[in-house]
Amino acid sequence: MTYTRFEVVDDILRVWGESDVLEVSIAHEGVARVRSAPHARANLVSFPKLPRKDSFAVVGGERQRLTVDDDDDRLTASGGGLNFSLDLRAGSWTVTNESRQVLVEALSTTGDPQSLLHKSTFSLGAPGGAAYLGFGEKVGPMDKRGLRFTFWNTDAFQHHTDSDPLYVSIPFTTVLHEGRATGLFLDESWRSEVDVAREQVDRLTWTSAGPELDLYVIAGPTPADVLRRYTDLTGRHAMPPLWSLGAAQSRWGYESAADVRGVIEGYRSRELPLDAVYVDIDYMDAYKVFTWDKARFPDPADLADEALTRGVRLVPIIDPGVKVEPGYHVYEEGKALDAFVRDSRGDVLVGEVWPNPAVWPDFTREDVREWWAGYFQGLVDVGIVGVWNDMNEPAAFSIRGSGSHLGDIERSRGSIEGKTLPYDARHGTRRHLEVHNAYALGMNNAARRGFQAAMPNHRPFLVSRSAFAGIQRDSAVWSGDNTSAWSHLELSVTMLCGLGMSGVGHVGADVGGFLGHSSPELLQRWYQVGAFYPMMRNHCVVDGRDQEPWRFGEATVEVVRSALRVRYQLLPLLYTLMHDLTRTGLPPMRPLALHFPSDVRATRCDTQFLFGEDVLVAPITRAGHRQRLVYLPEGRWLEIPNFERGGVTFDGPADVTVQADERTIPLFLRAGGAIALTEPALHTTSANWRSLTWHVHAADSIRGHLYEDAGDGYGESRETRLTGGFQSGALRLRRSVTGDLPLERSTETMVVYGLGNVARVEGAQRWSFENGTLHVTVGATWSEVTVTS
Ligand code: GLC
Numbered sequence: 001m002t003y004t005r006f007e008v009v010d011d012i013l014r015v016w017g018e019s020d021v022l023e024v025s026i027a028h029e030g031v032a033r034v035r036s037a038p039h040a041r042a043n044l045v046s047f048p049k050l051p052r053k054d055s056f057a058v059v060g061g062e063r064q065r066l067t068v069d070d071d072d073d074r075l076t077a078s079g080g081g082l083n084f085s086l087d088l089r090a091g092s093w094t095v096t097n098e099s100r101q102v103l104v105e106a107l108s109t110t111g112d113p114q115s116l117l118h119k120s121t122f123s124l125g126a127p128g129g130a131a132y133l134g135f136g137e138k139v140g141p142m143d144k145r146g147l148r149f150t151f152w153n154t155d156a157f158q159h160h161t162d163s164d165p166l167y168v169s170i171p172f173t174t175v176l177h178e179g180r181a182t183g184l185f186l187d188e189s190w191r192s193e194v195d196v197a198r199e200q201v202d203r204l205t206w207t208s209a210g211p212e213l214d215l216y217v218i219a220g221p222t223p224a225d226v227l228r229r230y231t232d233l234t235g236r237h238a239m240p241p242l243w244s245l246g247a248a249q250s251r252w253g254y255e256s257a258a259d260v261r262g263v264i265e266g267y268r269s270r271e272l273p274l275d276a277v278y279v280d281i282d283y284m285d286a287y288k289v290f291t292w293d294k295a296r297f298p299d300p301a302d303l304a305d306e307a308l309t310r311g312v313r314l315v316p317i318i319d320p321g322v323k324v325e326p327g328y329h330v331y332e333e334g335k336a337l338d339a340f341v342r343d344s345r346g347d348v349l350v351g352e353v354w355p356n357p358a359v360w361p362d363f364t365r366e367d368v369r370e371w372w373a374g375y376f377q378g379l380v381d382v383g384i385v386g387v388w389n390d391m392n393e394p395a396a397f398s399i400r401g402s403g404s405h406l407g408d409i410e411r412s413r414g415s416i417e418g419k420t421l422p423y424d425a426r427h428g429t430r431r432h433l434e435v436h437n438a439y440a441l442g443m444n445n446a447a448r449r450g451f452q453a454a455m456p457n458h459r460p461f462l463v464s465r466s467a468f469a470g471i472q473r474d475s476a477v478w479s480g481d482n483t484s485a486w487s488h489l490e491l492s493v494t495m496l497c498g499l500g501m502s503g504v505g506h507v508g509a510d511v512g513g514f515l516g517h518s519s520p521e522l523l524q525r526w527y528q529v530g531a532f533y534p535m536m537r538n539h540c541v542v543d544g545r546d547q548e549p550w551r552f553g554e555a556t557v558e559v560v561r562s563a564l565r566v567r568y569q570l571l572p573l574l575y576t577l578m579h580d581l582t583r584t585g586l587p588p589m590r591p592l593a594l595h596f597p598s599d600v601r602a603t604r605c606d607t608q609f610l611f612g613e614d615v616l617v618a619p620i621t622r623a624g625h626r627q628r629l630v631y632l633p634e635g636r637w638l639e640i641p642n643f644e645r646g647g648v649t650f651d652g653p654a655d656v657t658v659q660a661d662e663r664t665i666p667l668f669l670r671a672g673g674a675i676a677l678t679e680p681a682l683h684t685t686s687a688n689w690r691s692l693t694w695h696v697h698a699a700d701s702i703r704g705h706l707y708e709d710a711g712d713g714y715g716e717s718r719e720t721r722l723t724g725g726f727q728s729g730a731l732r733l734r735r736s737v738t739g740d741l742p743l744e745r746s747t748e749t750m751v752v753y754g755l756g757n758v759a760r761v762e763g764a765q766r767w768s769f770e771n772g773t774l775h776v777t778v779g780a781t782w783s784e785v786t787v788t789s
């Protein structure tokens with residue numbers, strides 16, 4: 001591709017090649033945007049601008065000043081700390097940072113306007129040794145190099161550990177190369193494919209069914225910088241209500257109010273913590289969304305109220321498919337609004353999902369989202385404050401004719417890929433091929449708005465199965481229909497970490513596995529991993545084995561109870577990490593590479609993860625294993641199984657073997673780390689913790705923080721920072737506080753590890769030193785503690 005002509009208008013560099021157009025801008029500090037349209041110059045005598053874009057994903061960013069230099073064969077545009085440099089003859093370009101390090105090199109751009117699925121393609125250099133994290137909810141190891149993915153949201157029932165595509169499309173990766181991180185985000189909702197140095201070892205090739213490739217190159221240098229900037233562009237999670245971080249039980253097949261009561265009683269009678277019961281499609285009247293089956297759930301408000309008195313919220317499922325039934329209010333109102341997706345002939349598209357026949361709201365439309373939002377008042381009126389949005393790829397079991405042909409199964413008009421709507425279904429003037437991947441965004445946004453209008457003083461909880469980049473603004477994501485298999489337990493670690501590296505940190509996988517039959521040991525170990533999923537829900541399929549913990553015998557109940565106790569103890573830490581997520585985009589569950597980007601070994605740890613910056617989780621994910629090998633990156637690490645006691649300290653980088661009987665979760669606390677835990681409880685109440693224990697691994701420099709508030713609503717908050725470290729032979733710990741939330745506790749405890757000997761502790765009410773661990777009780781308003789040996 002040779003480029004012959006350019007202009008700069010409003011800080012956008014526009015360059016015309018033989019048949020293509022490039023538009024370059026600095027979308028944000030540290031973010032270069034290159035829109036490349038390989039065949040935009042259909043008429044070769046004109047010099048078109050690319051059309052204005054309404055991105056589904058990008059909602060933020062501040063365009064930076066652009067300085068352009070035209071030097072013979074090279075055009076350079078600089079701004080916001082980045083340089084875009086185009087070789088006018090060869091057509092290749094690079095983005096470099098201020099130190100002229102190459103962040104990305106584009107090798108070629110090609111287009112095939114006739115092709116349905118491969119209209120626009122470009123190849124970026126994939127330097128040897130570079131690792132690729134993220135890409136949303138994808139199978140495979142943390143590092144996706146050598147794999148190929150399709151972005152086409154799919155109801156992947158019975159997927160395997162190498163199935164692709166699944167339910168979510170987030171065309172965003174963080175490239176780690178020589179310790180430096182660079183983000184590549186392709187802002188295309190169109191069906192697309194990426195080949196991550198699989199076909200050609202030195203190329204990453206991206207292909208879209210759309211007319212252009214809209215690439216954001218996001219500077220690091222650290223993975224955290226990339227995530228911050230990516231979430232500056234695409235938005236961040238809102239703070240969830242505390243209850244949604246508690247344990248949840250679900251199953252497809254809780255058929256009546258009595259079933260739900262039985263589950264709550266099952267938990268309470270065994271003193272198992274529980275905060276939510278999810279209600280699946282069984283609650284609806286003939287699968288009609290926003291209805292209740294009056295025979296089986298005669299008084300949902302009463303049920304929700306009774307559950308709440310036991311500390312439990314109900315979370316009903318919401319499916320987008322609207323049953324075609326004259327007189328059914330949602331169908332009639334949607335029809336009056338002309339809210340439903342149409343087929344290529346212009347008729348309302350009719351198909352089958354749970355309701356049959358069904359039609360699908362066109363959530364790309366503002367008025368349709370507003371209409372859908374209106375139904376949430378009815379949920380709030382019965383005491384529902386959270387929902388799970390399912391089948392929103394959207395899933396369709398079949399597509400029928402329409403109008404007078406209603407009921408006749410027809411061959412689909414236009415191609416269909418997976419169980420969904422045809423490529424050429426119509427959302428206004430746009431084809432499904434373009435908006436399919438973004439369908440769930442509108443549905444979740446409508447739900448959030450609906451809740452906000454109906455309960456302005458409470459935080460809603462939303463979790464979605466399908467998603468596109470930006471879903472985090474409205475919803476959490478769970479990983480869909482996994483299987484009760486050890487391989488899926490392992491998969492959940494890389495998959496949830498991959499989502500976390502894609503801006504979606506509020507995530508979970510079905511604990512115990514959805515399809516098939518779990519086993520006592522699998523369920524136990526799954527709870528131990530699930531204790532660290534931000535969303536922790538046991539869920540299973542209608543014809544699966546009953547999966548409540550007590551179905552597997554008393555020994556399982558005990559192991560699960562101990563995992564749940566760990567979960568409820570770590571809520572102050574998780575809640576703080578969720579708050580960090582809302583501000584920085586950093587997920588609670590992190591691949592090791594996020595904090596150790598130059599450590600190649602860390603990049604390859606697929607069954608371990610960091611929980612925050614300082615806790616390393618190395619769970620057992622294999623049947624029969626009672627020990628495992630753990631890789632500890634640089635730093636000093638204290639073994640602290642189940643957060644119960646300090647064990648051996650190791651200096652990383654090191655491979656160590658740890659023991660883990662059936663109730664043990666191998667955990668490590670990094671030197672310098674200080675984490676806040678509370679007492680276990682049967683359900684959550686407030687995130688203004690009445691009982692608080694800091695676990696501190698003493699080092700030269702200590703960092704810990706805690707975010708507290710009421711656990712719901714938008715009221716006062718308090719942030720506590722714990723700092724200090726060894727200073728001339730003594731360990732000093734300092735506490736500093738910001739925010740107006742009044743304290744609810746009079747004392748705090750500190751457990752300090754990593755001390756050789758203790759002679760004196762100043763600033764404490766009480767202290768004791770045993771087995772190398774210092775226990776200190778301080779007044780809750782303490783400001784400094786000094787430990788002298
Ligand atoms: C889908 C969901 C699953 C749910 C089922 C019935 O398969 O992924 O979680 O139980 O539908 O609603």
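For the sequence shown, the residue numbers in UniProt numbering are 1 to 789. Even glycine gets a Cβ: it sits at the ideal position worked out from N, Cα and C.
- Burial state of Thr738 is exposed, judged by a 10 Å Cβ sphere holding fewer than 16 other Cβ atoms.
- Around Tyr375, the same chain offers Phe290 as residues with beta carbons nearer than 6 Å, after the five sequence neighbours per side are excluded.
- When the Cα atoms are used, Arg41 and Leu184 turn out to be separated by approximately 26 Å.
- Annotation: Ser244 to Thr109 spans about 45 Å, alpha carbon to alpha carbon.
- Across the structure, Thr723 and Asp700 are spaced so that their CA atoms are roughly 10 Å apart.
- Taking Glu370 as reference, the option from Trp354, Asp343, Gly334 with the minimal CA-CA separation is Gly334.
- A distance of 8 Å or more separates the beta carbons of Tyr527 and Val557.
- At a cut-off of 3 residues, the continuous stretches assigned as beta strand (DSSP E) that sit fully inside the UniProt domain "Glycosyl hydrolase family 31 C-terminal" (585-674) are 609-611, 615-617, 627-639, 649-659, 667-670.
- A straight line joining the alpha-carbon of Leu88 with that of Leu213 spans about 19 Å.
- For Thr747, same chain residues with a beta-carbon under 8 Å away, outside a window of 5 residues either side, are Gln765, Thr777, Val778, Gly779, Ala780 in chain order.
- Taking the C-beta atoms as reference points, Leu616 is found no nearer than 8 Å to Gln627.
- In this model, Met589 and Glu18 are separated by some 47 Å (Cα to Cα).
- Note: His695 is bridge-paired with Ile675, Val751 in the DSSP secondary-structure output.
- DSSP, reduced to helix, strand and coil, places His488 within a helical segment of the structure shown.
- Here the alpha carbons of Trp550 and Ala27 stand approximately 54 Å from one another.
- Judged by the Cβ position, Trp252 qualifies as a neighbour of the ligand GLC at the 7 Å threshold, a heavy atom of the ligand being closer than this.
- Of the candidates Met443, Val196, Val21, Val196 places its Cα closest to the Cα of Gly125.
- Distance from the C-beta of Arg465 to the nearest heavy atom of the ligand GLC is below 7 Å.
- In this chain, the beta strand (DSSP E) harbouring Ser108 covers 102-111.
- Residues Asp282, Arg296 of the same chain have their beta carbon placed closer than 7 Å to that of Glu255, with the five preceding and five following residues left out of the count.
- Closest by C-alpha distance to Gly30, out of Ser99, Arg52, Tyr3, is Ser99.
- Closest in alpha carbon position to Asp54, among Glu7, Glu366, Gly351, Arg622, is Glu366.
- 8 Å or more divides the Cβ of Phe596 from the Cβ of Ile640.
- Nearest neighbour of Tyr216 by Cα position, chosen from Glu644, Ala623, Glu613, Arg63, turns out to be Arg63.
- With a cutoff of 8 Å on beta-carbon distance, Ser36 and Phe122 are scored as near each other.
- With a 10 Å radius around the Cβ and a threshold of 16 neighbouring Cβ atoms, Thr4 comes out exposed.
- Trp93 sits in a strand when the DSSP states are folded into three classes.
- The criterion of a C-beta distance shorter than 8 Å is not satisfied by Leu308 and Gly246.
- For Ile317, the shortest C-beta to heavy atom distance toward the ligand GLC is below 7 Å.
- In this structure, the straight-line span from the alpha carbon of Arg180 to that of Trp93 is close to 20 Å.
- In the DSSP secondary-structure assignment, Gln249 is bridged to Val277, Asn538.
- Beta-bridge pairing by DSSP links Asn83 to Ser78, Thr96.
- If you look at Asn389, you'll find it in the beta strand (DSSP E) that goes 386-389.
- The region 437-447 makes no contact with the region 686-695: fewer than 3 CB pairs, one atom from each, lie closer than 8 Å.
- The DSSP-derived three-state label of Tyr254 is coil.
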